[in-house]
Amino acid sequence: MAATVRIPTVLRPAMGGLTTVTVEGSTIGAVLTELTTTYPAVEGQLLNQDGTLHRFLNVYVNDDDVRYIGGVNAPVGDDDEITLLPAVAGGAA
Amino acid sequence: MLTLTPAIRDAMIATCIRALPNEGCGLLIGRVDGDDATATEVVPSPNVAASARVYEIDSRVLLRTFRRVDDEGFAVLGVFHSHTHSEAYPSPTDVRLAPDPDWHYVLVSLRDVPAVVRSFRIKDDTVTSEDIYIEE
Numbered sequence: 004m005a006a007t008v009r010i011p012t013v014l015r016p017a018m019g020g021l022t023t024v025t026v027e028g029s030t031i032g033a034v035l036t037e038l039t040t041t042y043p044a045v046e047g048q049l050l051n052q053d054g055t056l057h058r059f060l061n062v063y064v065n066d067d068d069v070r071y072i073g074g075v076n077a078p079v080g081d082d083d084e085i086t087l088l089p090a091v092a093g094g095a096a
Numbered sequence: 106m107l108t109l110t111p112a113i114r115d116a117m118i119a120t121c122i123r124a125l126p127n128e129g130c131g132l133l134i135g136r137v138d139g140d141d142a143t144a145t146e147v148v149p150s151p152n153v154a155a156s157a158r159v160y161e162i163d164s165r166v167l168l169r170t171f172r173r174v175d176d177e178g179f180a181v182l183g184v185f186h187s188h189t190h191s192e193a194y195p196s197p198t199d200v201r202l203a204p205d206p207d208w209h210y211v212l213v214s215l216r217d218v219p220a221v222v223r224s225f226r227i228k229d230d231t232v233t234s235e236d237i238y239i240e241e
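So the sequence lines, in the order shown, correspond to chains Y and V. Those letters in the first sequence? Residues 4 to 96, by the working numbering. Those letters in the second sequence? Residues 106 to 241, by the working numbering.
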């Protein structure tokens, strides 16, 4: 299984400047693990040490935020497009 | 420098007032020219953190907006949010979570009337104030 992953601006320097990459993996967890293996500079920015999704990264399979479709277990198919976007958050706290 | 129209400024303030007692937030769309940017549209977002001290842009608004501006040749140039009871200056949380060093970070303080709108750049955990030019 190989899906296309769209890389956000902030992660591109850690990934050779690429805007999209093709990654093997049948689940989001597998895809993000493979990305981290291939581009070690992104370690800690995609997954937590326990393998869960980083709190401040939004991951989508096509139009769906993976938090609503199984998180790291969300299935990924060959023609799926995965989009990574940093969460936009902050506040006075 | 960030260039705004009065309508853009007022749309940000209105979004933040409607969100009270929570922080309000949204994205700024427009054109970028080096360190300068001109906002042409405000995209309000629900504050999914639903908090008076924290904000988070709805992930679906984020995806929809990024896709649309890519298609239209514009850019997401930054984000705005309110501080309901403190000054219009990035908090340590804002600095720690700033998602993009190329963005313009607009703070709307509702502590005083009229609301205070200021813009900042946040790069490598360093906050720099920038001028806002209101284009009548």
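Heads up, the beta-carbon is just placed ideally off N, CA and C, and yes, glycines get one too. Keep in mind that this is a model prediction, so the values were computed, not measured.
Distance, residue 40 (chain Y) Cα to residue 84 (chain Y) Cα: 20 Å
- prompt: What's the C-alpha gap between residue 122 (chain V) and residue 189 (chain V)?
  reply: 9 Å
Residues that residue 202 (chain V) contacts on chain Y, provided the C-beta gap is smaller than 7 Å: 59, 92, 93
query: Based on the DSSP output, what are the partners of residue 67 (chain Y) in its beta bridges?
result: Y:64
message: Quick check on the burial criterion: 16 or more other C-beta atoms within 10 angstroms. Buried or exposed for residue 233 (chain V)?
response: exposed
query: Who are the neighbours of residue 184 (chain V) on chain Y, taking C-beta pairs under 7 Å?
result: 91
query: For residue 162 (chain V), which residues in chain Y fall below 8 Å Cβ to Cβ?
result: 90, 91, 92
message: When you compare the CB of residue 146 (chain V) with every CB in chain Y, is at least one pair closer than 8 Å?
response: no
Beta carbon proximity, residue 159 (chain V) to chain Y, threshold 8 Å: yes
- request: Could you spell out where the alpha helix (DSSP H) holding residue 114 (chain V) opens and where it closes?
  value: 111–124
- request: Quick one: list the residues of chain Y neighbouring residue 290 (chain V), beta-carbon separation under 9 Å, in chain order.
  value: For chain V, the structure presents residues 106 to 241; residue 290 (chain V) sits outside this window and is missing.
message: So residue 30 (chain Y) and residue 79 (chain Y) are supposed to be a Cβ contact under 8 Å. How far apart are they, rounded?
response: 6 Å
- prompt: Should the stretch 115–129 of chain V be regarded as contacting the stretch 214–226 of chain V, the criterion being three or more beta carbon pairs within less than 8 Å?
  reply: yes
- request: Taking the CB atoms as reference points, tell me whether residue 209 (chain V) and residue 157 (chain V) lie closer together than 8 Å.
  value: no
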